[in-house]
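S.K.:
In UniProt numbering, the protein residues as written are 1 to 520.
1. So for residue 331, helix, strand or coil by DSSP?
2. Can you tell me whether residue 505 is buried or exposed? The criterion is at least 16 other CB atoms within 10 Å of its CB, across all chains shown.
3. Quick check on DSSP: helix, strand or coil for residue 306?
4. Tell me, to the nearest whole angstrom, how far the beta carbon of residue 234 is from that of residue 280; I am working on the premise that it is less than 8 Å.
5. So what does residue 56 bridge to, in DSSP terms?
6. When you compare the CB positions of residue 189 and residue 171, do they come within less than 8 Å of one another, or not?
7. Quick check: the segment 298 to 309 against the segment 238 to 253, are at least 3 beta-carbon pairs closer than 8 Å?
8. Quick one, which of 402, 337 and 333 has its alpha-carbon nearest residue 364's?
9. Going by C-alpha distance, which of 374, 344, 329 and 32 is nearest residue 354?
10. Within the chosen definition, does the segment 168 to 182 reach the segment 310 to 319 through at least 3 CB pairs nearer than 8 Å?
11. Along the chain, where does the alpha helix (DSSP H) containing residue 456 start, and where does it finish?
12. Pick from 46, 32, 33 and 55: whose alpha carbon is nearest that of residue 434?
13. Just mark residue 81 as buried or exposed, buried being the case when its beta carbon has 16 or more other beta carbons within 10 Å.
14. In the DSSP output, what is residue 101 paired with across the bridge?
15. Is it the case that the Cβ atoms of residue 120 and residue 22 are separated by a distance below 8 Å?
16. Could you check the C-alpha separation between residue 156 and residue 499 for me, to the nearest Å?
17. Since I believe residue 38 is in contact with residue 122 (beta carbons under 8 Å), could you give me their beta-carbon distance rounded to a whole number of angstroms?
18. Which word fits residue 458, buried or exposed, when buried means at least 16 other C-beta atoms lie within 10 angstroms of its C-beta?
19. For residue 436, does the three-state DSSP call read helix, strand or coil?
20. For a test of the three-state rule: what should DSSP assign to residue 314, helix, strand or coil?
21. Helix, strand or coil: how does DSSP classify residue 291 here?
22. Got a sec? Which residues, its chain only, sit under 8 Å from residue 341 by beta carbon, not counting five neighbours each side?
23. Would you grab the beta carbon distance between residue 253 and residue 149 for me? Rounded to a whole angstrom, and I think it's under 8 Å.
24. Where do the N-terminal and C-terminal ends of the beta strand (DSSP E) with residue 487 fall, by residue?
25. Can you tell me which of the three DSSP states residue 520 falls into?
26. Which value, in whole angstroms, describes the spacing of the CA atoms of residue 152 and residue 360?
27. May I ask you to list the residues that DSSP assigns as paired with residue 114?
28. Which residues mark the beginning and the end of the beta strand (DSSP E) in which residue 399 is found?
29. Grouping DSSP H, G and I as helix and E and B as strand, with all else coil, what is residue 92?
30. When you compare each of 260, 61 and 291 to residue 418 by their alpha carbons, which one comes out closest?
31. Look up residue 248 in the DSSP assignment and give the residues it is bridged to.
32. How many angstroms separate the CA atom of residue 283 from the CA atom of residue 306?
33. In three-state terms, what does DSSP make of residue 238?
34. Between residue 454 and the rest of its own chain, which residues show a CB-CB distance below 8 Å, the 5 nearest in sequence each way excluded?
35. Out of 110, 59, 348 and 104, which has the shortest C-alpha to C-alpha gap to residue 85?
36. Does residue 350 come out as helix, strand or coil in the three-state DSSP assignment?
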């Protein structure tokens, strides 16, 4: 291990990075992106998955919980973070996951072959030799039809953000390790400069880049802005290094950006003509036009380059394998169905949208839905499949090759799935919420009130109804473990405490149900 790698390890030992879920990096999202671009990626239910820079395992454990027949390997430089990951995986009884404290520059193809590789929040925060090792591993260890996801900061957008970083680094005490105080002092200095600099280039950068800055937690800001290494790249540089290691650019994880680039049709046509089919060059020009700051890119093996399709047309039988989950509502003002993100749906597919909404949180298989339709005309079939293609291309609902079947109603005595219940009990016992976050079966973060909700989750073992759960919450409040606060005042009356307890219990149970986290 060289000095620069040791420096990176030291920062993560001193300030571990809270381990969240990143569904955009998941094998499911990679599979869907591959499907959109015409590739047949490996079965995610039996895949071998590698994550480089796995932190405390928060991104991998939801996958190991969901896909019991798959195999998951997490690697991180920090021995401290890997120790926590192993401890939590044991608490959750996950048998299909392993963690290694390892310098990625020492990994060779002998480490094994993987169908999906995940590298989230690592590439831009390590020295060049580690970047090269990451790409080498993706090239050497990826299976023939496998996919690799890598996220990274990009120029030109990060040119402005670097000024924020430079200001905060200059402002900090060089003899003291970065801490919560460092972050607070840095934010104070940025605020001071926003209020006092003239109407110039620096003011514009501060205004554009500072939006939402304070909403990020200390852990994120420390590792994003105070790391020893934070070296963004132009997209074409990343793609070039990938190509040198036998990889080909497939798409962004948010593949709608490729299908519908955020530029005018006039600019798009001009760039397409100029780039003459060179997708990397086209994407780089877009980054210049929109001042892009961050990419989440998926690569495939270069041998599959000729199989990549960019016409976004699909055969009916190909769409039949998809499973769709989501909620849609009818907007009477526009006489159209809309998604939860208010995307307008095509006309003529109300049966499909109603079926998906009624089944939620479970999924609906396209092929099964079509087979169940009575008296279906060819015209109706055409509309349905065009509608499915629209849902796919616009990514307006959860899409997967794997069917989900969750409970259709809330049980009288709510019971959590075993992994979430175990995680809740673990968090109550160790009194540490800042390791990995709670997660849904679909690998998304389940946000909680850190004063109370993990304690409620630990009660949901199927032995109590909501009234019983509410009484336990009431008792915890009376014992001084936490307090309900209404209009900035603590609740002290017993009747009001019990009312608040029941409202919170019902709210949490309802959320868990709609996330598919309750079981019989």
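Beta carbons are placed, not taken as given, at the ideal position from N, Cα and C, and that holds for glycine.
M.R.: The structure says:
1. strand
2. Per the 10 Å Cβ criterion, buried.
3. helix
4. With 8 Å as the limit, residue 234 and residue 280 do not qualify as a contact, their Cβ atoms being about 10 Å apart.
5. DSSP output for residue 56 lists no bridge partner at all.
6. yes
7. yes
8. 402
9. When the alpha-carbon of residue 354 is set against those of 374, 344, 329 and 32, the nearest one is in 329.
10. Contact check between the segment 168 to 182 and the segment 310 to 319: fewer than three CB pairs, one atom from each, fall below 8 Å, which does not count as touching.
11. 453 to 457
12. 55
13. Flag for residue 81 reads buried.
14. 76
15. yes
16. Rounded to the nearest whole angstrom, the C-alpha separation of residue 156 and residue 499 is 53 Å.
17. Rounded, the Cβ-Cβ distance is 29 Å, inconsistent with contact.
18. buried
19. strand
20. coil
21. coil
22. 396
23. 6 Å
24. Annotation for residue 487: no beta strand (DSSP E) segment contains it, and DSSP assigns it neither H nor E.
25. In the structure shown, residue 520 falls within a coil segment according to DSSP collapsed to helix, strand and coil.
26. 34 Å
27. 142
28. 398 to 400
29. coil
30. 61
31. 300
32. 18 Å
33. helix
34. Cβ neighbours of residue 454 within its own chain (closer than 8 Å, five residues either side excluded): 424, 427, 428, 433, 438 and 448.
35. 59
36. Looking at residue 350 - three-state DSSP - the assignment turns out to be helix.
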